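Residue numbers (the numbering used here): 542 to 907. Note that the Cβ used here is the ideal one computed from N, Cα and C, for glycine as well. None of the values given here were measured: they were computed from a predicted structure. Heads up: the structure comes next, in structure tokens.
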């Protein structure tokens, strides 16, 4: 797991090299081999995924709704079997699975495909897969595949494949935005320039490992933990909590910071630490207000901040992890990495086999 966490700068670089050139082409046209030509009549997007891939789907939902303006519905593969999404017209269905072999996701996509084939042309299946294995069962089931190009990932806890899923989902978002004329070529160039800094900024985040290891030593015997985020960071709170659960067996729960105030805050005391993902974006002020109330209940707080936060903000945390600043939509790509490292080092502190967590298996992909 640790090796794969440290492989993320190169994994991201490989992915960017495949996708960014098509965004910079002039005249601007979608990459002919990796992006399908969707009709202008696309009305809605559905996303099917499980586990960590579901969290990538939540971030894709945020991006597509905010930058493209298309409504997005997301459902876990296992839940789709019992409660399928409405069969809307002119809909793109996206399946996300790192291995391309996740049974619940494949079954959900196959069911959606089957029910649509019998319908009128506007309801016909338009299926896209995002996977680290372009020759997988997923790729054989869908119309188009966008590979994540992360390289082989052996650790059961997904790290570099998750980050590369985000890269591909953001690329997909920009292509959809261009197709729908929801974004200017100038804005595309701005995001492309930000993208090019990601490998360097990820390396800077990895340099926080010594500080994170110290926190893990301090927290190694904790039994419970809360992870909070707002806006796009809420999905990273869920992903961070999942990483802590599946690797260190720490009972961690991820919440929207705003929703946490409506009941779950009753959990807090001096023995329940809180991790707060608080980049300097439009949610920052509300997040800090929530944290001041949490602080009054005596819970220790780790802040995952960006370097453009005020010095006063950093002093309110028991530990502050300062990340490089980046364009707001891309912040999840950086903010998840401290949580990966923390999960790893708490597991090591507890003497656990990080690469073979109990009750879990993994389908390898490359």
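Look up residue i in the DSSP assignment and say whether it is helix, strand or coil.
i, result
"residue 795", "strand"
"residue 642", "coil"
"residue 614", "strand"
"residue 769", "strand"
"residue 573", "Low confidence applies here, because residue 573 scores a pLDDT of 49, under 50, leaving its location unreliable; read the following figure in that light. It is coil, neither helix nor strand."
"residue 817", "strand"
"residue 590", "strand"
"residue 855", "helix"
"residue 731", "helix"
"residue 653", "helix"
"residue 828", "helix"
"residue 665", "coil"
"residue 755", "helix"
"residue 833", "helix"
"residue 724", "coil"
"residue 598", "helix"
"residue 551", "helix"
"residue 790", "coil"
"residue 625", "coil"
"residue 680", "helix"
"residue 764", "coil"
"residue 890", "helix"
"residue 659", "coil"
Do residue i and residue j have their C-beta atoms within less than 8 Å of each other?
i, j, result
"residue 782", "residue 798", "no"
"residue 644", "residue 542", "no"
"residue 771", "residue 827", "yes"
"residue 749", "residue 879", "yes"
"residue 679", "residue 634", "no"
"residue 673", "residue 689", "yes"
"residue 757", "residue 893", "no"
"residue 898", "residue 788", "yes"
Quick one: give me the first and last residue of the alpha helix (DSSP H) that residue i is part of.
i, result
"residue 618", "618-621"
"residue 503", "Within the shown structure, residues of the chain are numbered from 542 to 907, placing residue 503 beyond reach of any answer."
"residue 688", "Note, residue 688: premise wrong, no alpha helix (DSSP H); beta strand (DSSP E) at 685-688."
"residue 705", "701-720"
"residue 870", "That residue, residue 870, is in no alpha helix (DSSP H); it is neither H nor E in DSSP."
"residue 544", "543-547"
"residue 746", "739-747"
"residue 897", "Segment: none, residue 897 is in no alpha helix (DSSP H) and carries neither H nor E."
"residue 693", "Careful: residue 693 lies outside any alpha helix (DSSP H) and carries neither H nor E."
"residue 807", "Neither: residue 807 is in no alpha helix (DSSP H) and is coded neither H nor E."
"residue 608", "Premise fails: residue 608 is in no alpha helix (DSSP H) and is neither H nor E."
Could you tell me whether any non-hydrogen atom of the ligand SAH is closer than 7 Å to the CB of residue i?
i, result
"residue 667", "Among the components modelled here there is no ligand, and therefore nothing to report on the ligand SAH."
Looking at the strands, I want to know which residues DSSP matches up with residue i.
i, result
"residue 880", "Paired residues: none, contrary to the question."
"residue 585", "632"
"residue 637", "590 and 671"
Please list the terminal residues of the continuous beta strand (DSSP E) segment that includes residue i.
i, result
"residue 842", "842-847"
"residue 669", "668-672"
"residue 861", "860-864"
Say whether chain C places a C-beta atom closer than 8 Å to the C-beta of residue i.
i, result
"residue 852", "Included in the structure is just one protein chain, with no chain C present."
**OP:** Determine, using beta-carbon pairs with one atom in the region 829-840 and one in the region 869-876, whether at least three such pairs fall under 8 Å.
**Re:** no
Original post:
Can you find at least 3 beta carbon pairs, one from the region 552-560 and one from the region 599-614, that sit closer than 8 Å?
Top reply: no
Original post:
Touch check for the region 732-751 and the region 620-627: three-plus C-beta pairs under 8 Å?
Top reply: no
**OP:** Kindly confirm or deny that the region 585-597 and the region 736-744 touch, where touching means at least three C-beta pairs closer than 8 Å.
**Re:** no
**OP:** Would you check if the region 813-833 and the region 763-770 touch, i.e. whether three or more CB-CB distances between them fall below 8 Å?
**Re:** yes
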